[in-house]
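Have a look at the structure below, then the notes.
Protein chains: 2
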Amino acid sequence: MSADVVPLRPRGAEPSLSPILALTAQGMNSVNTVILDRMQSEVPLIPALAGHLISGGGKRLRPMLTVAGAELCGYQGNRHHKLAAAVEFIHTATLLHDDVVDGSDLRRGKAAANIVFGNPATVLVGDFLFTRAFELMVEDGSLKVLKILSRASSIIAEGEVDQLVAQRHIETSEERYLSIIGSKTAALFAAATRIAAVVAERSEAEELALDAYGRNLGIAFQLVDDAIDYDSEAEESGKGKGDDFREGKMTLPVILAYARGSAEERKFWQDAIAGFRTDDEDLAHAVTLINRHDCVEATRERARHYVQRAIDAIAVFPPSAAREAMAEAALFAVARRY
Amino acid sequence: MSADVVPLRPRGAEPSLSPILALTAQGMNSVNTVILDRMQSEVPLIPALAGHLISGGGKRLRPMLTVAGAELCGYQGNRHHKLAAAVEFIHTATLLHDDVVDGSDLRRGKAAANIVFGNPATVLVGDFLFTRAFELMVEDGSLKVLKILSRASSIIAEGEVDQLVAQRHIETSEERYLSIIGSKTAALFAAATRIAAVVAERSEAEELALDAYGRNLGIAFQLVDDAIDYDSEAEESGKGKGDDFREGKMTLPVILAYARGSAEERKFWQDAIAGFRTDDEDLAHAVTLINRHDCVEATRERARHYVQRAIDAIAVFPPSAAREAMAEAALFAVARRY
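Chains as they are written, first to last, in UniProt numbering: chain A, 1 to 338; chain B, 1 to 338.
In structure tokens:
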């Protein structure tokens with residue numbers, strides 16, 4: 001097992017997604033073909049609704065991790081294209097169900113599918129994409145891959161329920177929050193990256209290294225997402241800003257602001273998370289309190305910790321353009337402000 | 001391949017479920033243990049919500065078909081217990097999502113899960129059960145079984161969307177209706193029965209025979225369900241009577257009453273299915289029209305046709321108590337009035 005130090009980027013240069021986009025361009029082209037092909041159905045509402053989200057400007061980050069992992073492993077085959085498409089279908093299914101569960105208005109900057117097509121169709125097309133994902137995995141035929149992705153899917157579902165239970169509960173701890181995002185977000189990042197090592201038939205150690213890269217990146221990614229919802233310097237995100245606040249979601253900026261706050265501030269958070277203070281001025285006050293205690297920055301700092309762990313995890317692979325691109329993508333994920 | 005005539009029951013005797021219940025009692029005991037064990041989670045809401053439905057008086061007909069099929073094949077192992085539990089989880093997941101989609105108040109005679117636990121939790125626990133079903137199948141490890149059940153799951157999801165699209169569309173044809181119930185109901189009956197032949201390593205012909213038994217029984221079962229919703233002689237079903245009518249579902253009794261009706265009657269159906277006539281007196285009028293054209297009996301007659309096909313399909317198996325019990329269960333399914 002090699003243990004090279006991953007080369008650091010020149011001091012001061014902004015991390016960029018360009019290297020990973022270039023690394024995965026050809027592979028993602030094939031993945032996108034599978035995605036568009038396999039979301040078809042004789043029931044026209046299915047591709048219409050699925051396409052609303054799938055063609056709707058998603059970054060396809062998770063399948064990109066599968067493709068990048070395959071490049072890192074020097075994999076020459078094409079099995080990972082179907083599997084990466086399955087990963088994106090699982091993710092899309094959870095987004096559709098999330099939008100129903102949250103009653104979202106916006107997703108990726110446009111009307112959410114539930115607003116355009118209604119909750120019933122959105123639930124059922126989510127189910128369809130989920131089953132289609134499993135069909136793709138079964139076609140691939142690797143029981144090892146099936147085990148990894150079915151386990152991840154089950155963990156995601158558990159995490160989503162756990163998040164729902166924690167919602168509007170101000171006493172939610174950072175540990176509980178980390179457990180929730182580890183399930184609802186990081187499990188799929190981990191599985192998506194790990195399966196690249198499985199199809200490439202690499203060692204157990206390399207498989208676990210890719211799992212750790214994906215898992216830590218996933219945690220960091222969710223931390224930054226949750227920070228952005230309260231970051232007054234961040235650009236408008238694809239979802240409506242302040243949604244987490246109004247929905248009483250217990251994310252780390254709130255957990256930290258509550259822990260660090262005065263008695264008076266804590267009273268505000270109790271009322272707000274319980275759903276009694278959800279106006280625009282309440283949101284503005286929440287942002288003020290979060291800034292007062294540096295909770296956006298503290299959340300980003302936590303994210304940097306996980307990104308460093310992600311980068312160090314892939315140090316078992318010899319230096320390569322792929323490894324460098326994956327490291328830089330992780331740095332980008334945590335530096336982003338949108 | 002044997003082609004014995006399946007013995008007919010004595011003329012006049014009422015078909016009974018007792019033989020299939022006796023045949024499958026021991027196997028279903030094991031299946032129930034798997035079901036209760038595998039719906040557990042560290043998130044307590046999951047077993048609470050899943051148990052509301054799973055412990056709620058369901059007949060567990062679909063896993064019973066797997067167990068009965070295994071008996072018919074003389075299978076001595078226990079692989080089918082996990083797989084039968086997976087089938088029940090898939091079914092339960094679709095029921096939970098159906099209740100959200102339909103906004104149901106009642107299920108199996110008690111408050112539906114969405115009423116007790118809310119739509120968000122019901123959607124997410126449905127997802128959890130679905131993923132848990134796949135984990136069980138992956139544990140079994142047969143790619144052939146995985147292919148059959150993942151394909152069936154995908155077809156169910158497509159059928160559910162198709163049913164949603166057809167809802168409130170009075171012009172829905174009997175052919176379209178048969179296609180919808182073939183997907184949303186019969187596909188899982190077929191897969192549940194078929195996998196028994198797969199684990200028992202029986203011939204392709206026997207596998208297809210069990211598939212045909214399950215598929216035809218599933219169609220008959222749904223036809224009878226749909227007849228009962230308008231049958232003034234039927235007992236109260238577990239769901240609220242007249243739900244199909246109020247939801248504008250295009251089931252065969254309505255399709256036939258519309259086809260056989262006068263111009264005036266057709267006008268009523270157009271208004272009713274469009275959602276403009278959903279009072280109790282409108283429902284009473286609908287039942288009058290359906291009775292006037294014998295549409296409940298015509299629907300049952302269609303069901304008897306499919307049950308006969310189901311019984312004839314398993315004539316490839318030599319005579320046995322199992323075959324007799326499965327034939328009688330099919331006759332029972334179509335004669336039932338609840």
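Beta carbons: idealized from backbone N, C-alpha and C, even for Gly.
Sequence-distant residues of the same chain with beta carbon closer than 7 angstroms to residue i, five excluded per side
{"i": "Glu207(B)", "result": "Arg194, Ala197, Val198"}
{"i": "Ala85(A)", "result": "Val31, Val34, Ile35, Arg38, Pro63, Leu136"}
{"i": "Arg336(A)", "result": "Val224"}
{"i": "Arg176(A)", "result": "Ala166"}
Residue i - DSSP class collapsed to helix/strand/coil
{"i": "Lys267(B)", "result": "helix"}
{"i": "Arg79(A)", "result": "helix"}
{"i": "Leu106(A)", "result": "strand"}
{"i": "Ala50(B)", "result": "helix"}
{"i": "Ala329(B)", "result": "helix"}
{"i": "Phe276(B)", "result": "coil"}
{"i": "Ala200(B)", "result": "coil"}
{"i": "Ala111(A)", "result": "strand"}
{"i": "Asp243(A)", "result": "helix"}
{"i": "Pro120(A)", "result": "helix"}
{"i": "Lys249(B)", "result": "coil"}
{"i": "Met64(B)", "result": "helix"}
{"i": "Tyr338(B)", "result": "coil"}
{"i": "Leu95(B)", "result": "helix"}
{"i": "Leu233(A)", "result": "Note that residue 233(A) is Glu in the sequence shown here, rather than Leu. Here Glu233(A) sits in coil by DSSP."}
{"i": "Thr131(A)", "result": "helix"}
{"i": "His293(A)", "result": "coil"}
{"i": "Leu17(B)", "result": "coil"}
{"i": "Ser179(B)", "result": "helix"}
{"i": "Gln26(A)", "result": "helix"}
{"i": "Thr172(A)", "result": "coil"}
{"i": "Ser262(B)", "result": "coil"}
{"i": "Ser55(A)", "result": "coil"}
Alpha-carbon to alpha-carbon, residue j and residue i
{"i": "Ala257(A)", "j": "Arg246(A)", "result": "16 angstroms"}
{"i": "His91(B)", "j": "Thr122(B)", "result": "14 angstroms"}
{"i": "Lys110(B)", "j": "Tyr338(B)", "result": "15 angstroms"}
{"i": "Ala152(A)", "j": "Gln40(A)", "result": "25 angstroms"}
{"i": "Leu164(B)", "j": "Ser173(B)", "result": "15 angstroms"}
{"i": "Ala68(A)", "j": "Met326(A)", "result": "7 angstroms"}
{"i": "Thr278(B)", "j": "Ala272(B)", "result": "6 angstroms"}
{"i": "Ala13(A)", "j": "Ile228(A)", "result": "22 angstroms"}
{"i": "Arg168(B)", "j": "Asp244(B)", "result": "10 angstroms"}
{"i": "Ala133(A)", "j": "Val87(A)", "result": "7 angstroms"}
{"i": "Ala322(B)", "j": "Glu171(A)", "result": "57 angstroms"}
{"i": "Asp102(A)", "j": "Ala157(A)", "result": "15 angstroms"}
{"i": "Leu210(B)", "j": "Ser154(B)", "result": "20 angstroms"}
{"i": "Ser262(A)", "j": "Phe268(A)", "result": "10 angstroms"}
{"i": "Ser320(B)", "j": "Ala205(A)", "result": "54 angstroms"}
{"i": "Arg260(A)", "j": "Ile290(A)", "result": "9 angstroms"}
{"i": "Val5(A)", "j": "Ala313(A)", "result": "Because Val5(A) sits at a pLDDT of 49, beneath the cut-off of 50, its placement in the model cannot be relied upon, and the following sentence gives the value as read from the coordinates. Roughly 11 angstroms between the two C-alpha positions."}
With 16 other Cβ atoms within 10 Å as the buried cut-off, status of residue i
{"i": "residue 349(B)", "result": "This structure leaves residue 349(B) out entirely; chain B is present only between 1 and 338."}
{"i": "Gln222(B)", "result": "buried"}
{"i": "residue 381(A)", "result": "With chain A represented from 1 up to 338, any question about residue 381(A) goes unanswered, as that position is not in the structure."}
{"i": "Ser150(A)", "result": "buried"}
{"i": "Asn114(B)", "result": "buried"}
{"i": "Pro120(B)", "result": "buried"}
{"i": "Arg292(A)", "result": "exposed"}
{"i": "Pro44(A)", "result": "exposed"}
{"i": "Phe276(B)", "result": "exposed"}
{"i": "Ala22(A)", "result": "exposed"}
{"i": "Ala186(A)", "result": "buried"}
Own chain residues within Cβ distance below 8 angstroms of residue i, not counting five before or after
{"i": "Leu331(A)", "result": "Arg9, Pro15, Val307, Ile311"}
{"i": "Asp105(A)", "result": "Ala111, Ala112, Ile115, Gly240"}
{"i": "Phe89(B)", "result": "Ile35, Arg38, Met39, Leu129, Phe130, Arg132, Ala133, Leu136"}
{"i": "Ala191(B)", "result": "Val87, Ile148, Leu149, Arg151, Ala152, Asp211, Gly214"}
Spatial neighbours of residue i in its chain, beta-carbon cut-off 6 angstroms, leaving aside the 5 residues before and after
{"i": "Pro19(B)", "result": "Ala325, Glu328"}
{"i": "Gly159(B)", "result": "Ile180, Ser183, Lys184"}
{"i": "Gly27(A)", "result": "Val67"}
{"i": "Arg79(B)", "result": "Asp140, Val199"}
{"i": "Gly242(B)", "result": "Leu283"}
{"i": "Val334(A)", "result": "Ala220, Val224, Ala303, Arg304, Val307"}
(request) Select from the region 53-70 of chain B all residues with a C-beta closer than 8 angstroms to any C-beta belonging to chain A, and list them in chain order. (result) none
(request) With 7 angstroms as the C-beta to C-beta threshold (strictly closer), list the residues of the region 75-109 of chain B near chain A in chain order. (result) His97, Val100, Val101
(message) Using a Cβ-Cβ cutoff of 9 angstroms, what residues of the region 185-207 of chain A are near chain B? List them in chain order.
(response) none
(message) For the region 115-133 of chain B, list every residue whose C-beta sits within 7 angstroms of some C-beta in chain A, in sequence order.
(response) Pro120, Ala121, Val123, Leu124, Val125, Asp127, Phe128, Phe130, Thr131, Arg132
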